[in-house]
Amino acid sequence: MSFLGFASYYRQHLKDFAILAKSLYRICDQQTVFEMTQERIKAYEKIKKALTEAPLLLMPDWNIPFELYIDACGDGLGAALHQVQIIDDKPTEGT
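Note that my numbering gives residue 462 to position 6 of the sequence shown, counting from 1, and the numbers run on in steps of one.
So, in structure tokens, the structure goes:
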């Protein structure tokens with residue numbers, strides 16, 4: 457549970473977090489037997505990887521346009537406001 461609490465703190469910066477964490481949250485249900493299935497191990501590893509490879513977070517530059525990304529499916533929905541900024545000749549993505 458503490459891993460999910462930690463990861464949830466950064467959920468707004470992790471693409472598809474709700475979908476990835478869905479199987480792990482099911483473990484927290486008192487009706488569910490704790491069992492680390494292959495699906496849950498995969499979800500855990502993907503979230504762990506996403507946390508270590510998260511993009512550089514920057515303050516918005518109000519002179520550069522923003523891009524809105526939206527996504528929805530039967531399991532969840534999400535939206536993210538992005539802005540690509542160039543720092544040291546390298547594009548970075550501000551969320």
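Don't be surprised by glycine CBs; every beta carbon is placed ideally from N, CA and C.
What residues are listed by DSSP as bridge partners for residue i?
| i | result |
| --- | --- |
| HIS469 | For HIS469, which the question treats as bridged, DSSP gives no partner whatsoever. |
| GLU523 | HIS538 |
| LEU507 | For LEU507, which the question treats as bridged, DSSP gives no partner whatsoever. |
| ALA528 | LEU533 |
Just tell me which of the options has its CA closest to the CA of residue i.
| i | options | result |
| --- | --- | --- |
| LYS498 | THR508, GLN487, SER479, LEU514 | SER479 |
| ASP531 | ASP472, ALA463, TYR465, PHE462 | ASP472 |
| ASP517 | ILE542, GLU501, TYR481, ARG482 | ILE542 |
With residue i and residue j assumed to form a contact (beta carbons below 8 Å), what rounded beta-carbon distance in angstroms separates them?
| i | j | result |
| --- | --- | --- |
| LEU460 | ALA506 | No, LEU460 and ALA506 are not in contact; Cβ-Cβ is about 13 Å, not under 8 Å. |
| ALA474 | GLY534 | 7 Å |
Can you have a look at residue i and say buried or exposed, based on whether 16 or more other CB atoms are within 10 angstroms of its CB?
| i | result |
| --- | --- |
| PHE522 | exposed |
| ALA463 | buried |
Using a threshold of 9 Å, state whether the C-beta atoms of residue i and residue j are closer than that.
| i | j | result |
| --- | --- | --- |
| GLN539 | LEU514 | yes |
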